[in-house]
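Working notes, structure below.
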Amino acid sequence: LQTYNALIYGLGKAGRPGKAKEIFYEMQKNGCRPDVITYNTLIYALGKTGEQSEAYDYFKEMKQQGLNPDGFTYSAVINAMGLMGHFEEACNLMTEMKELGCKPDVYVYSTLVNRLSKAGYVDRAWSLFREMKEQGCEPNRVTYNTVIAGLGKAGEMDEAWNLLREMKENGLTLDVITYNSMMDGLRRADQIDEALKLFKEMKDVGLVPDRVTYHILIIGLCVINRTGAAWALFQELKERKYVPDLIMYNILIAGLCRAGLVKDAESLMKEMRDDGCLPDVITYNTMIGGLGNLGRYEDARKLYAEMKERGCTPD
RNA sequence: UUUGAUUAUUGGUC
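Residues 456 to 770 in the numbering used here are what the first sequence spells out, letter by letter.
As structure tokens, then:
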């Protein structure tokens, strides 16, 4: 049983829910009954990869089999419902678990808070955040990070600052994601200098900025044409021995295109290829847009042809 | 190490 569970888990993580399902049926053929963990793992695998309604089917099936869903089950199903935008159902599931005597834990709340803010329902996310506190479920670092990121996307940085303070007051440790989320919100709100202050602060408290940190700050600086500072950070990233990856190249290419420096963007695209980093659909979209803005329609068309030849599907 | 939640890149809309 544990071997099968582990297999299903691995296939889910590898983004192969179809194979995971095959194993699920194969184990039963071999006389091995799935337990709660098997279902949880399968539901998670399906829910993550766009098979959300199937995830729900297996949720029903496990109940029919007389198995009791637990917090793991509900967080996986609620996440799947949220991804489909079925928030009424997600809320019903919360109610259902309460009725079954299974108190929603911090994972379940955080999952739904995250899905609500991702779907643009920041207000509902906020009330759920308040509700969990009232219900005696203490938000942890991940919950705060989730809410801070949601507020940042909604441009509500005052609230985000309040939460940051609240985290400190509650003795929670801030991590790189906390800082990254704050800095991303600030750069969206055109407060890049505030973001740079936090960047200094995070280093002062001994946190090591990751790639995402640099990506956020470099985007923010590029957008307002502070290219010198952006370039300096790009050098710093390399000093930290972070190899520029696809996302970093996409950010720089977008920055150059935005500034009308499409020729430089083109050479950077060559350079990324030489580094063994293959352009993806975002790279092509960005370049095609940049070329189009300059009226270079023929070159745009060529890139469009090239992306299809390379098996990169236009979106 | 048998299962669950958080941050970044292109376009449109606000």
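Don't be surprised by glycine CBs; every beta carbon is placed ideally from N, CA and C.
Taking its Cβ as the centre, do 16 or more other Cβ atoms sit within 10 Å of residue i, making it buried, or is it exposed?
i	result
residue 458	exposed
residue 502	buried
residue 650	buried
residue 752	exposed
residue 469	exposed
residue 720	buried
residue 687	exposed
residue 639	buried
residue 748	exposed
residue 540	exposed
residue 828	The first residue shown for the chain is 456 and the last is 770, placing residue 828 beyond what the model contains.
residue 562	buried
residue 680	exposed
residue 768	exposed
Could you spell out where the alpha helix (DSSP H) holding residue i opens and where it closes?
i	result
residue 609	Where residue 609 is concerned, there is no enclosing alpha helix (DSSP H), given that its DSSP letter is neither H nor E.
residue 591	Note, residue 591: premise wrong, no alpha helix (DSSP H); not H, not E.
residue 558	Here residue 558 belongs to no alpha helix (DSSP H), and DSSP marks it neither H nor E.
residue 734	Taken as a continuous stretch (DSSP letters only), residue 734 belongs to no alpha helix (DSSP H), as it is neither H nor E.
residue 756	752-764
residue 576	Note, residue 576: premise wrong, no alpha helix (DSSP H); not H, not E.
residue 539	Where residue 539 is concerned, there is no enclosing alpha helix (DSSP H), given that its DSSP letter is neither H nor E.
residue 782	In the structure displayed, the chain extends from 456 to 770; residue 782 sits before or after that span and is not available.
residue 769	Premise fails: residue 769 is in no alpha helix (DSSP H) and is neither H nor E.
residue 473	472-484
Looking only at C-alpha atoms, which of the options sits nearest to residue i?
i	options	result
residue 530	541, 589, 516, 549	549
residue 507	492, 534, 496, 485	534
residue 635	719, 564, 615, 576	615
residue 513	495, 754, 691	495
residue 602	710, 619, 745	619
residue 699	627, 729, 678	729
residue 610	626, 624, 588, 575	575
> Which runs of the alpha helix (DSSP H), 4 residues or longer, sit entirely within the region 638-723?
Replying inline: 647-659, 666-678, 682-694, 701-713
>> For a minimum of 3 consecutive residues, which ranges assigned as the beta strand (DSSP E) are wholly contained in the region 489-523?
In response: As far as the region 489-523 is concerned, it has no whole beta strand (DSSP E) run of at least 3 residues.
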